[in-house]
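Numbered per my numbering, the sequence shown finishes at 851, counting up by one with no gaps.
Reading through the structure tokens given below for one structure.
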Amino acid sequence: MAERDQYRLPRTVTPRRYELVLEPDLEGATFAGSAAIDIEVEESVDEIILNAVDLEILQVRLECNDRRIEALPTFDSATERCHLWLGERIEPGPATLHIEFTGVLNDKLVGFYRSSFKDDQGAEHLIATTQFEAPHARRAFPCWDEPDFKATFAITLVVPQDLTALSNGAEISAEGAGDGRKKVVFQETMEMSTYLVAFIVGPFQLTDPVDVDTTPLRVAYPPGKGHLTAYGLETGAFALRFYSEYYGIAYPSDKLDLVAIPDFAFGAMENLGCVTFREVALLIDPARAPQPDLQRVADVVHHEVAHMWFGDLVTMRWWNGIWLNEAFATFMEMKCTDAFRPQWQRWVDFAISRTAAFDVDSLESTRPIEFEVVSPEDAEGMFDILTYEKGAAVLLMLEQFLGEDAFMEGVRRYLIENAYGNTETTDLWDSIEAATAQPVRQIMDTWIFQGGYPILSAGVTDSTLNLAQRRFRYWGDDFGEQWLVPVLVRYGAGEREQTGRFLLGQRQGSFPLEFPPDWVVVNAGAAGFYRVGYSQELLEGMSRTAREALSAVERYQLLDDSFAGVLAGITSAADFFELAHSFADETDLSVWQRLAGALGTLDRVVEDSARERYRGAVRSLIAPALGRLGVEPSGDEDERTGQLRGTLFEVMGTLGDSEASKSLARTLHHDFLEDPDSVDPALAAAAIQVVAENGGSEDFERFWKRHLETDNPQLKTRYLHALARFQQPELIDRVLELALTEVRTQDGPFLLQRALTNRTRGAQAWRFIVQNWERITERFPPGLVVRMVSGVSALIEPDLATAVEHFFEEHPLKQGEKTLAQYLEKMRVNVALRQRESARFSAGLG
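Below, the structure written as structure tokens:
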């Protein structure tokens, strides 16, 4: 049997409707269930094959043609399949499969799992919830657990009387079961995939429903956190209306619940009508939250609501389509957030996410956005930066090239034509192509099915723009890959300014301009997923006349392209540092965040003997900008300006080691503890980071106590993550042990990841991980272990890097092989940067 067939179910039998009854025992961490599944027998069979993992099947019978056939189940654990042997052959036609089963409420944050939380009085409460993507519904009930086996689901939960039960459909009835429990029956769903099923049980409270054009919207939350729900309701209601209009299709379900879960591996999950979230991604106090926290909640809510149409109504045929599902929702979340709060300049801010995608895609170990998915581990491996950020970036590039209205018309056509069905990636391109009469599939195939991206060399001869493409890599050879590159250009001379759009399909191309330009911006609006290398003449023209003409996102891209050159050994660190100082008058938050990230990387490169000189250089760069803003917010400034102040203040107190900033951070943090409303949220967040990086044991204990006691999810996370920034070895030892003992399972891997990135204590964190690998892999879900390991890219001592590589040769990550290879290669890129630049950059600091 071919490997790919081992994991794919045969098409001999297909489900039409599931009637599920689940009875969770929270105290015992088990559940009992029954399934009556209406099926269609497509061809004569003597066995039925479906998916089941970690379930005990007690009884199986098939009803067809007025006959009852007892079936014998056997399991194939390697392929997560269950064979139901019928003992006789049945002919095509309808039938009903009845299965009784039991299972375990696991602690791995997948399938049907158990979690707990403590209320304000310290009493512990248990919950049971689900995470079925991808693919884990088979851990909760026997099913055809592949996206294109769509069916309807009629779900009943039998739970204790005092607990709340939620599922995909609206509650129809809740009647006493006579044993201290109640039977809660939910409205049958539309046809959908198993990975979108949800059932949740616990002492949740619910907001009153908000009517959004006849759709009731609620937030479900742990007791005591109702005051943190209003913003989620506001942004959820906005998203429902925005998408109904954009897609031209009414919301496809009967209600929408947004549910805050205490332990959750991902940010959120788009279960139809019952979206689950990490608390930090849904519950928030707007009055005390800095702008990035508000944007994060809006983004996540908008992302998941976007899926109700793109993903739930129309679903990928197989897991290779995960990329499009997630990339499109990422693209749409930003479109929705930009409409929700235009002043946040969401598309400018997206440049930071695009940088992360560029960073991975510059590696030899990158992958195509879409690749063949065979096993469940392959599917899990698709949830990464290339799926979300690069995927969204190439969609933005396509939309801007075609025009927003034409792109939207193509998306609408795709959703209408494929409603309730399953599709391949090319179906979307064909719909957009039909709406635009452009070669969309031809363009996008070059971006989806090969890894990497191009750098365009740009020059001008008279009124002709000359472009040439080659693959950009941090290292390695150019093997001649080509892309069909949608190029947007803006150029000017004197008072004239013009735009153009070209399609570069060869290694080189020449394109006519309407007049000889003084300056040219290739990749206008920075919407293209490529870098640009300008000729010296164009660079000089840009520096003379076009700095004022560059938008914020174009200035960002200029910096980002330059620093990518540093990582690739094309540009020296000293030359980049000189360019950075030319941005001293910069006023945009995202541009400064890119500068701050680059300064942080150079801080790891500089020799200890030159560190004080480097800190002084950082202070000289930051001080004028921070001085212009002042440390007191003005009443009429926008939120991005306030966040810029916080960003600059944090850099001054950490990379700049400013005594004044460190002292002020302590004052601000003290005032914040006394009265949270007395300190601007952005400054309060920055002060926490500055105090942590320069703090001692008393600060550490105070931070840990605040993490435990606050009911504010964002503040809880901020204090926890700040623990990894302390410098004393004994405090880092404490952080590392806490991550494996007292910190929640969902948060422990991220705390270890941050400890790995601690400039002075990363090696200490790595030694702990090596010594406790068995504990780590036993405690944390595999997907979160992969995310934890991302921190190794910051370990840039050559001998340590070699030890890391040897360790993973002996301890491979089955669910993250591709991603691990990228982390290890990025570690080597950073090692090479340090070896290449440390001495000469340090010497150049004077």
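By construction, the Cβ of each residue, glycine as well, lies at the ideal position given by its N, Cα and C atoms.
Since we're looking at a predicted model, the values are computed, not measured.
Query	Result
Tell me, please, which residues DSSP counts as bridged to valine 189.	Leu162 and Ala179
Hey, quick one: how far does the beta strand (DSSP E) through phenylalanine 137 stretch, first residue to last?	Phenylalanine 137 -> no beta strand (DSSP E), and no H or E assigned at all.
Helix or strand or just coil, what does DSSP make of tyrosine 724?	helix
How long is the line joining the alpha carbons of alanine 533 and leucine 829, rounded to whole angstroms?	The question names alanine, but residue 533 in the sequence shown is glycine. C-alpha separation (whole angstroms): 27 Å.
Comparing alpha-carbon positions, which option in Ile374, Phe376, Leu201 and Leu27 lies nearest aspartate 150?	Leu201
So the beta strand (DSSP E) serine 515 belongs to, where does it begin and stop?	513-517
Taking alanine 744 as part of the alpha helix (DSSP H), name the residues at either end of that continuous run.	734-746
For histidine 232, count neighbouring C-beta atoms within 10 Å of its own C-beta (all shown protein chains included) and say buried if the count is 16 or more, exposed if not.	exposed
Tell me the residue span of the alpha helix (DSSP H) that contains histidine 674.	664-679
Judging by CA-CA distance, which residue of Pro459, Glu783, Gly499 and Val217 is the nearest neighbour of valine 490?	Pro459
So the candidates are Gly98, Leu171 and Leu89; which of them puts its Cα closest to the Cα of leucine 27?	Leu171
Do the stretch 335-352 and the stretch 267-284 touch if we need at least three Cβ pairs shorter than 8 Å?	no
Verify the CB distance criterion: does glycine 207 have a CB-CB separation below 8 Å to chain B?	Protein chains in the displayed structure number just one, and chain B is not present.
Taking the beta strand (DSSP E) that arginine 549 belongs to, which residues open and close that run?	Premise fails: arginine 549 is in no beta strand (DSSP E) and is neither H nor E.
Would you check if the distance between the CB atom of proline 374 and the CB atom of leucine 400 is smaller than 8 Å?	Looking at the sequence provided, one finds isoleucine at residue 374 rather than proline. Result no, Cβ atoms of isoleucine 374 and leucine 400 do not sit closer than 8 Å.
Could you tell me which of Thr157, Gln719, Gln126 and Leu131 sits nearest to methionine 858, measuring between CA atoms?	Residue numbering for the chain in the displayed model covers 6 to 851; residue 858 lies beyond these limits and cannot be assessed.
Name the one or two DSSP bridge partners that methionine 339 has.	According to DSSP, methionine 339 bridges with nothing at all.
Enumerate in chain order the residues of its own chain whose CB-to-CB distance from tryptophan 349 is below 8 Å, with the five nearest sequence positions on each side excluded.	Gln296, Gln300, Thr342, Asp343, Glu644 and Arg645
Whose CA, out of Ala744, Pro97, Gln11 and Phe106, lies closest to the CA of alanine 41?	Phe106
If you follow the alpha helix (DSSP H) that alanine 37 is in, where does it begin and where does it stop?	Taken as a continuous stretch (DSSP letters only), alanine 37 belongs to no alpha helix (DSSP H), being part of the beta strand (DSSP E) at 35-46.
Pull the bridge partners of phenylalanine 122 from the DSSP assignment, please.	His130
What are the start and end residues of each continuous alpha helix (DSSP H) run of 4 or more residues lying completely inside the stretch 206-259, in chain order?	235-252
For glutamine 733, tell me which candidate among Leu745, Lys710, Gln751 and Ala770 has the shortest Cα-Cα distance.	Ala770
Starting from the C-beta of valine 492, find all residues in its chain whose C-beta is less than 6 Å away, skip the five residues before and the five after it, and write them out in chain order.	Phe507 and Leu509
Just verifying my parser: in three-state terms, what is the DSSP assignment at phenylalanine 117?	strand
If you run the structure through DSSP and keep just helix, strand and coil, what is alanine 7?	A caution first: alanine 7 carries a pLDDT of 46, below 50, which makes its placement in the model too unreliable to give a value.
Please report the straight-line C-alpha distance between tryptophan 524 and glutamate 591, rounded to a whole angstrom.	20 Å
For the alpha helix (DSSP H) containing serine 843, list its first residue and its last residue.	822-849
Around the C-beta of arginine 772, are 16 or more other C-beta atoms found within 10 angstroms, so that it is buried, or is it exposed?	exposed
For threonine 234, count the other beta carbons within 10 Å of its own beta carbon; 16 or more makes it buried, fewer makes it exposed. Which is it?	buried
Are the CB atoms of valine 224 and alanine 242 within a distance shorter than 8 Å?	no
What residue range does the alpha helix (DSSP H) around proline 99 cover?	Per DSSP, proline 99 belongs to no alpha helix (DSSP H); it is in the beta strand (DSSP E), 98-109.
In the structure shown, what three-state DSSP assignment does valine 527 receive?	strand
Measure the alpha-carbon distance for isoleucine 53 versus lysine 340 and round it to whole angstroms.	45 Å
Spell out a yes or no on whether the stretch 368-383 and the stretch 813-830 are touching, meaning 3 or more CB-CB pairs, one atom from each, closer than 8 Å.	yes
Is isoleucine 104 buried or exposed, if buried means 16 or more other CB atoms sit within 10 Å of its CB?	buried
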